[in-house]
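Peer 1: Next up is a structure, given as structure tokens.
Protein chains: 2
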Amino acid sequence: MVTIQEISRITNFAPSTVSKALNGYPEISQKTREKILKVANELNYFPNATAKSLVKKKSNTIGVVFEVEYGLNNLFFSTILEAFRKQVEIKGYDILLLSNNTDNGLNYLNHCRSKQVDGVLIVSKGSNKDAINELLESELPVLSFDPEEEMKNSIYSESYFAIKKACRYLYNLGHKKIAFIQGDLTNYIGKTRYNSYMDFMIEIGNEPIVIKGLNNSLYTYEEGYKTMDMILQQFGLPDAVCSSSDLMALGAIAYLKDQGYKIPDDVSVIGFDDIKMCEIVHPKLSTIRQDYELIGKKACETIISMIENKITEFDPVIIDSELVIRDSCKRRR
Amino acid sequence: MVTIQEISRITNFAPSTVSKALNGYPEISQKTREKILKVANELNYFPNATAKSLVKKKSNTIGVVFEVEYGLNNLFFSTILEAFRKQVEIKGYDILLLSNNTDNGLNYLNHCRSKQVDGVLIVSKGSNKDAINELLESELPVLSFDPEEEMKNSIYSESYFAIKKACRYLYNLGHKKIAFIQGDLTNYIGKTRYNSYMDFMIEIGNEPIVIKGLNNSLYTYEEGYKTMDMILQQFGLPDAVCSSSDLMALGAIAYLKDQGYKIPDDVSVIGFDDIKMCEIVHPKLSTIRQDYELIGKKACETIISMIENKITEFDPVIIDSELVIRDSCKRRR
DNA sequence: CGTTTACACGAAATCGGTTTCGAATAGATT
DNA sequence: AATCTATTCGAAACCGATTTCGTGTAAACG
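Sequences listed follow chains A and B, in order.
Offset between the first sequence (1-based) and the working numbering: plus 131.
Offset between the second sequence (1-based) and the working numbering: plus 131.
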């Protein structure tokens, strides 16, 4: 690689002068700047980002935390990451996929510090909540898409009114027995959706149809399938199902189909997320759309603003979500 | 962050001694090593990876190149990346998502050099083939999952015999009019699948049913949908469809369903990839499975061996693929 | 013409590590 | 006791940038 010292030797200017010329310092005359730039271009010079990071204490890199099990291999999370990446790239940052290597003691936080990561986006977190909390409480700018109890430093889709809107929609189609498939009740989003459903059932004065004590922490197809099984056993066939994720909704539909029911003729089902699959399956899944592009964009803006203004705490960013009506819900006969 | 100099001050050993002690050099006595390690642990010392990279000229980071359009937002590619990541993590490397910023002249290669990336995995490439070729011809260890004409430095699933097996399977079910949905004919994989299909049709002495001149470069659902439309218009209804990707197969199925046909009763369809969705859709899609875990593992092994042994060229690594029979194909009535 | 001021550039320190090579010490050898 | 050897450690250079501060020169001023 071409270094500043090489340009220095060739142009007979000191390394410091070369550096200043390349970085647009005003104290360099037009003439010498041109000479230096000319040589730099001829040699195809690009600064060594490592050296730069070392002295500037800034790497132009944003770390991303991902659960191992259902990480990238999950359209929902990977869609967010992709949207985020697109924005981040524009701003001149790179994305480093972080690991939490407990073997060598290099947990998330130490890893971030070691690699001089400027900020961190937590897309999804697995079992290692301790390592995550260390991150959140550190001096680093951290943004979480998967907030815990307290909601600080987080970005997420509005869920409370969204679930109510979905339930209201089902109710207005004539459905009374509306079942709910919950997600991860240990995090804020999962809890909010659950509470919203419970509140709605109280409003309309119906008994909630939900499996108590169940925690579908991964929001997967398989969990949806099993939950639907339990619902049928415990409550019999509901009129409609409201699910905390599209994948679980699809799992529920699969179970119902396996039992010989028709969707939406026998049961209406609505999901949450609007992953790309919704339009591919049959019937096309009605759902609540999360605005991935906007989430990615806002997440990027927020985290870069945190980095540049050195803030480590801010109010949650809440992105509107929208009811998308397709073919999986039908008026009750 | 705690530095070596701090430990040096506290222990009264020179920085060089501290460094050696921490890195297990034999010339350090047991006594001083213990003293130094004790202090390092107490202060929760971790080496600054940036500084280390600078002097060692090795960052323990592997760059990953992804197409922007259909990058992470594609279960196929993200599954590979996830498998790769899992392996790479174990070996102590991080993954940096690379961008090709032509604005500031920081193309892939310069970006890699600047960030001191040790090796590169090309998962999918978009339109900027020049930037990719620069990478391939550089001094960096590069591994491509999406090889061009020449197949050097690549890893991919066996496709030629796989497509033949799929076609043979359809043929043995009694189908004569077997249509083919091609993928990207400008790259090796796409071409191989196409050629395999064409050879098979010659073998069985039937006319190929394929849209000439069509290039489905993104292997998407929408492309499959459109292609199926064109096939019906140009050739009428085939007995079976062999697709170069699952997503295109699903698109084709959707089109056929929209036209009122039943799958697999009227048309048998087989895909390629075995993305997770295959088991979720109805009917469950028969397909050719790519062994993602093995691809990830081999890719990791290969690239790390390239890095450690400083080889930049090697023969292609070919991963076996397997026919998976589900519900989307049926014996011809 | 002497002094001030602005401008342009360079020397040197720094970031946090690694590595080479030389020196001091302790122990072994004759 | 003198010499040799092995062991252990430290000084200093280095990786490739940035940044502070000082200096020399030319222009501007009285």
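For every residue, glycine included, the Cβ atom is placed at its ideal position computed from N, Cα and C.
Do residue 383 (chain B) and residue 434 (chain B) have their CB atoms nearer than 8 angstroms?
Peer 2: Mapped onto the second sequence, residue 383 (chain B) falls at position 252. Mapped onto the second sequence, residue 434 (chain B) falls at position 303. Cβ atoms of residue 383 (chain B) and residue 434 (chain B): not closer than 8 angstroms.
Peer 1: With distances taken between CB atoms, is the gap from residue 195 (chain B) to residue 239 (chain B) smaller than 8 angstroms?
Peer 2: If you number the second sequence from 1, residue 195 (chain B) lands on position 64. If you number the second sequence from 1, residue 239 (chain B) lands on position 108. Cβ atoms of residue 195 (chain B) and residue 239 (chain B): not closer than 8 angstroms.
Peer 1: Straight-line CA distance for residue 117 (chain B) to residue 173 (chain B)?
Peer 2: Beyond the ends of chain B as shown, which are 132 and 464, falls residue 117 (chain B); an answer cannot be given.
Peer 1: Going straight from the alpha carbon of residue 268 (chain A) to that of residue 198 (chain A), what length do you get?
Peer 2: As a working note, residue 268 (chain A) is residue 137 in the first sequence. As a working note, residue 198 (chain A) is residue 67 in the first sequence. If I take the Cα positions, the gap works out to 19 angstroms.
Peer 1: In whole angstroms, what separates the C-alpha of residue 546 (chain A) from that of residue 227 (chain A)?
Peer 2: Missing from the structure shown is residue 546 (chain A); chain A here goes from 132 to 464 and no further.
Peer 1: Compute the minimum distance between the beta carbon of residue 374 (chain A) and the heavy atoms of the ligand GTP, and state whether it is under 7 angstroms.
Peer 2: Ligands displayed in this structure: none; no statement on the ligand GTP is therefore possible.
Peer 1: Could you list which residues in chain B have their beta carbon closer than 9 angstroms to that of residue 352 (chain A), in chain order?
Peer 2: Numbered from its first residue, the first sequence carries residue 352 (chain A) at position 221. Within chain B, the residues near residue 352 (chain A) are 407, 410 and 411.
Peer 1: List, in chain order, every chain A residue whose beta-carbon is nearer than 8 angstroms to that of residue 180 (chain B).
Peer 2: Taking the first residue of the second sequence as position 1, residue 180 (chain B) is located at position 49. Here the neighbours are 245, 246 and 247.
Peer 1: Is residue 477 (chain A) near residue 308 (chain A), with beta carbons less than 8 angstroms apart?
Peer 2: In the structure as shown, chain A begins at 132 and stops at 464. Residue 477 (chain A) is therefore absent and cannot be evaluated.
Peer 1: Taking the CB atoms as reference points, tell me whether residue 191 (chain B) and residue 225 (chain B) lie closer together than 8 angstroms.
Peer 2: Position 60 of the second sequence, counted from the start, is the residue given in the question as residue 191 (chain B). Position 94 of the second sequence, counted from the start, is the residue given in the question as residue 225 (chain B). Yes, the Cβ-Cβ distance between residue 191 (chain B) and residue 225 (chain B) is below 8 angstroms.
Peer 1: Excluding five sequence neighbours on each side, which residues of the same chain lie with their C-beta closer than 8 angstroms to the C-beta of residue 380 (chain B)?
Peer 2: Position 249 of the second sequence holds residue 380 (chain B). Closer than 8 angstroms at the Cβ level, and outside the excluded window around residue 380 (chain B), lie 312, 355, 372, 374, 400, 401, 402, 403, 416, 418 and 459.
Peer 1: Just to confirm the assignment: which complete beta strand (DSSP E) runs, minimum length 3, are found wholly within the region 386 to 422 of chain B?
Peer 2: Counting whole runs of 3 or more residues, the region 386 to 422 of chain B contains the beta strand (DSSP E) stretches 399 to 401 and 418 to 421.
Peer 1: What separation, rounded to the nearest whole angstrom, lies between the Cα atoms of residue 446 (chain A) and residue 283 (chain A)?
Peer 2: Translated into positions along the first sequence, residue 446 (chain A) becomes position 315. Translated into positions along the first sequence, residue 283 (chain A) becomes position 152. About 6 angstroms.
Peer 1: Could you say which of A:270, A:274 and A:243 lies nearest to residue 253 (chain A) if we only look at CA atoms?
Peer 2: As a first step, residue 253 (chain A) is located in the first sequence; it is residue number 122 there, counting from the start. Checking every option, the nearest Cα to that of residue 253 (chain A) belongs to A:274.
Peer 1: Quick one: give me the first and last residue of the beta strand (DSSP E) that residue 311 (chain B) is part of.
Peer 2: Counted from its first residue, the second sequence places residue 311 (chain B) at position 180. Residue 311 (chain B) -> beta strand (DSSP E) spans 309 to 312.
Peer 1: Is the separation between the beta-carbon of residue 182 (chain A) and that of residue 168 (chain A) shorter than 8 angstroms?
Peer 2: Within the first sequence, the letter at position 51 stands for residue 182 (chain A). Within the first sequence, the letter at position 37 stands for residue 168 (chain A). Contact: no.
Peer 1: Can you give the Cα-Cα distance for residue 457 (chain A) and residue 414 (chain B), rounded to whole angstroms?
Peer 2: Along the first sequence, one-based indexing puts residue 457 (chain A) at 326. Along the second sequence, one-based indexing puts residue 414 (chain B) at 283. About 20 angstroms.
Peer 1: Short check: CB of residue 352 (chain A) to CB of residue 211 (chain A), under 8 angstroms?
Peer 2: If you number the first sequence from 1, residue 352 (chain A) lands on position 221. If you number the first sequence from 1, residue 211 (chain A) lands on position 80. No, they are not a contact pair.
Peer 1: Which residues in the same chain have their Cβ closer than 8 angstroms to the Cβ of residue 278 (chain B), if we skip the five residues on either side of it in sequence?
Peer 2: Counted from its first residue, the second sequence places residue 278 (chain B) at position 147. So the qualifying residues of the chain are 284, 285, 287, 318, 319, 320 and 447.
Peer 1: Do you know whose CA, among B:177, B:421 and B:389, lies nearest residue 135 (chain B)'s CA?
Peer 2: Within the second sequence, numbered from 1, the residue matching residue 135 (chain B) stands at position 4. That would be B:177, whose Cα lies nearest to the Cα of residue 135 (chain B).
Peer 1: For residue 397 (chain B), I'd like the list of residues in its chain whose CB is within less than 8 angstroms of its CB, leaving aside the five on either flank, ordered along the chain.
Peer 2: Taking the first residue of the second sequence as position 1, residue 397 (chain B) is located at position 266. Result list for residue 397 (chain B): 368 and 387, in chain order.
Peer 1: With C-beta atoms as the reference, is residue 303 (chain B) less than 8 angstroms away from residue 262 (chain B)?
Peer 2: Along the second sequence, read from residue 1 onward, the residue named residue 303 (chain B) stands at position 172. Along the second sequence, read from residue 1 onward, the residue named residue 262 (chain B) stands at position 131. Contact flag unset, no.
Peer 1: Skipping 5 residues on each side, what residues in its chain have a beta carbon closer than 6 angstroms to that of residue 451 (chain A)?
Peer 2: If you number the first sequence from 1, residue 451 (chain A) lands on position 320. Excluding positions up to five away in sequence, the list reads 289.
Peer 1: Mind checking if residue 285 (chain B) is an interface residue toward chain A, Cβ cutoff 8 angstroms exclusive?
Peer 2: Reading the second sequence from its first residue, position 154 is the one you call residue 285 (chain B). So, not an interface residue.
Peer 1: Quick one: which unbroken alpha helix (DSSP H) runs of 4-plus residues sit fully inside the region 138 to 223 of chain A? Chain order, please.
Peer 2: The qualifying runs are 146 to 153, 161 to 173, 180 to 187 and 206 to 221.
Peer 1: Do you know offhand how far residue 426 (chain B)'s Cα is from residue 363 (chain A)'s?
Peer 2: The count along the second sequence starts at 1 and reaches residue 426 (chain B) at position 295. The count along the first sequence starts at 1 and reaches residue 363 (chain A) at position 232. Cα to Cα, the separation comes out at about 41 angstroms.
Peer 1: Which residues share a DSSP beta bridge with residue 287 (chain A)?
Peer 2: As a working mapping, residue 287 (chain A) is identified with position 156 in the first sequence. Its beta-bridge partners are A:449.
Peer 1: Pick out whichever of A:305, A:348, A:270 and A:171 has its Cα sitting closest to the Cα of residue 257 (chain A).
Peer 2: Taking the first sequence and counting its residues from 1, one reaches residue 257 (chain A) at position 126. Closest option to residue 257 (chain A), Cα to Cα, is A:348.
Peer 1: With a 10 Å radius around its C-beta and 16 neighbouring C-beta atoms as the bar for buried, classify residue 140 (chain A) as buried or exposed.
Peer 2: If you number the first sequence from 1, residue 140 (chain A) lands on position 9. Per the 10 Å Cβ criterion, exposed.
Peer 1: Please report the straight-line C-alpha distance between residue 342 (chain B) and residue 406 (chain B), rounded to a whole angstrom.
Peer 2: Here the question's residue 342 (chain B) lines up with position 211 in the second sequence. Here the question's residue 406 (chain B) lines up with position 275 in the second sequence. Each residue's alpha carbon lies about 25 angstroms from the other.
Peer 1: Looking at C-alpha atoms only, which residue of B:345, B:310 and B:315 is the closest neighbour of residue 329 (chain B)?
Peer 2: Residue numbering aside, residue 329 (chain B) sits at position 198 when the second sequence is read from its first letter. That would be B:310, whose Cα lies nearest to the Cα of residue 329 (chain B).
Peer 1: Can you grab the Cα-Cα spacing for the pair residue 322 (chain A) / residue 255 (chain B), in whole Å?
Peer 2: Along the first sequence, read from residue 1 onward, the residue named residue 322 (chain A) stands at position 191. Along the second sequence, read from residue 1 onward, the residue named residue 255 (chain B) stands at position 124. If you take the alpha carbons of residue 322 (chain A) and residue 255 (chain B), they lie about 38 angstroms apart.
Peer 1: Who are the neighbours of residue 388 (chain A) on chain B, taking C-beta pairs under 9 angstroms?
Peer 2: Counting from 1 along the first sequence, the entry for residue 388 (chain A) is found at position 257. Within chain B, the residues near residue 388 (chain A) are 413.
Peer 1: Return the CA-CA distance between residue 295 (chain A) and residue 350 (chain A), expressed in angstroms with no decimal places.
Peer 2: Taking the first residue of the first sequence as position 1, residue 295 (chain A) is located at position 164. Taking the first residue of the first sequence as position 1, residue 350 (chain A) is located at position 219. Straight-line Cα distance between these residues: approximately 19 angstroms.
Peer 1: So who's on the other strand from residue 225 (chain A), going by DSSP bridges?
Peer 2: By one-based count along the first sequence, residue 225 (chain A) stands at place 94. DSSP, once it has assigned bridges, lists A:192 as partnering residue 225 (chain A).
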